[in-house]
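Read left to right, the sequence shown gives residues 1 to 232 (full-length UniProt numbering).
Comments concern the structure below.
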Amino acid sequence: MRKILVVDDEPAIVTLLKYNLEKEQYDVDVAYDGETAYQKASDHHYDFIILDLMLPKLDGLEVTKRLRADRNQTPIMILTAKDGETDKIVGLELGADDYVTKPFSPREIIARIKAIARRVNDNDHGNTSSKITVGNITIDTVNYRVMVDDNKIQLTPKEFELLVYLAKHTGKTLSRESLLNGVWGFEYPAETRMVDIQISHLRDKIEKDPKHPQYLKTIRGFGYQFEEPTDE
């Protein structure tokens with residue numbers, strides 16, 4: 001049974017999420033402040049964390065930052081206010097994998113969690129080769145390891161999924177919408193900003209010069225293309 005940590009200082013939201021997740025056979029643990037959430041996430045294994053940003057003691061951004069600094073790679077979905085665009089961007093840059101804007105539908109959250117679970121299961125039991133090599137980048141899809149020029153780089157779960165998806169489609173131009181559907185598992189055109197943020201973050205880690213990328217190119221008017229550098 002997959003275990004999820006739900007963190008929000010509003011008991012009604014925690015109760016709503018816990019009820020709906022348990023109906024889907026998830027094991028749900030809860031926390032009502034950031035300090036408790038960080039401690040629980042550090043001491044126990046969770047398959048997923050649903051994390052509100054506005055929390056007492058430690059806010060959700062600080063919790064995310066500390067967990068990623070600890071190399072805790074549990075997927076994190078942040079809950080944000082409707083006008084919290086800056087918080088969404090900062091949350092993703094700190095290592096969150098997804099965000100949902102309040103008010104939200106529990107069905108939407110469950111659908112996103114299931115999409116991530118399916119992709120993890122596909123990675124664990126797929127028939128494809130466990131290693132993908134493009135130029136000087138080697139991706140080990142079994143051990144979740146990425147090497148660039150013989151240096152191991154640390155990626156969040158969502159960055160890793162995005163890199164694997166791009167590498168499996170090397171040489172193809174992919175729209176933001178197709179990336180959103182293929183990596184996040186849903187189709188919401190308004191959320192394509194999330195793709196741009198993760199692309200930028202991924203470039204910072206795999207490119208020697210992120211402003212002049214050799215692997216992850218922008219195809220203006222269409223989307224992005226992952227390709228093997230021709231000048232190496």
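Every residue, glycine too, gets a C-beta built ideally from N, C-alpha and C.
All of these numbers come straight from a predicted model, not from anything done at the bench.
Query                                                                                                                                              : Result
Does the count of Cβ pairs from the stretch 142 to 149 and the stretch 54 to 68 closer than 8 Å reach three?                                       : no
Going by C-alpha to C-alpha distance, which of Thr156, Pro103, Tyr165, Leu51 sits closest to Lys131?                                               : Tyr165
Hey, which unbroken runs of the beta strand (DSSP E) at 3 residues or more fall wholly within the UniProt domain "Response regulatory" (3 to 117)? : 3 to 7, 27 to 31, 48 to 52, 76 to 80, 98 to 101
So, are the CB atoms of Gln225 and Leu174 less than 9 Å apart?                                                                                     : yes
Let me check understanding here. Comparing Cα to Cα, which of Thr101, Tyr215, Phe222, Arg71 lies closest to Met77?                                 : Thr101
Any idea if Lys208 is buried or exposed, counting beta-carbon neighbours within 10 angstroms, 16 or more meaning buried?                           : exposed
Leu216 by DSSP, collapsed to three states: which one?                                                                                              : strand
Can you name the residues that DSSP bridges to Lys131?                                                                                             : Asp140
Roughly how many angstroms lie between the CA atoms of Ile49 and Gln214, to the nearest whole one?                                                 : 34 Å
Checking 9 Å against the spacing of the C-beta atoms, do Ile153 and Lys205 come in under that value?                                               : yes
On the DSSP letters alone, give me the boundaries of the beta strand (DSSP E) that Leu155 sits inside.                                             : Leu155 -> no beta strand (DSSP E), and no H or E assigned at all.
Ordered along the chain, which non-local residues of its own chain (more than five positions away) have a Cβ less than 8 Å from that of His125?    : In this prediction, His125 has a pLDDT of 48, which is less than 50 and means its spatial position is unreliable; what the coordinates show is noted afterwards. Around His125: no qualifying Cβ.
Check the C-beta distance from Gln198 over to Glu159 and give it rounded, since I have them as a contact under 8 Å.                                : 6 Å
Specify the secondary structure class of Gly221 as computed by DSSP and reduced to three states.                                                   : coil
Taking the beta carbon of His44 as the centre, do at least 16 other beta carbons fall within 10 Å, making it buried, or is it exposed?             : exposed
Here's the rule: buried if 16 or more other CB atoms are within 10 angstroms of the residue's CB, otherwise exposed. What is Pro56?                : exposed
For Arg68, tell me which candidate among Ala96, Gly34, Thr86 has the shortest Cα-Cα distance.                                                      : Ala96
Does DSSP classify Met1 as helix, strand or coil?                                                                                                  : coil
Quick one: grab the DSSP three-state call for Thr170.                                                                                              : coil
Where do the N-terminal and C-terminal ends of the alpha helix (DSSP H) with Val195 fall, by residue?                                              : 192 to 206
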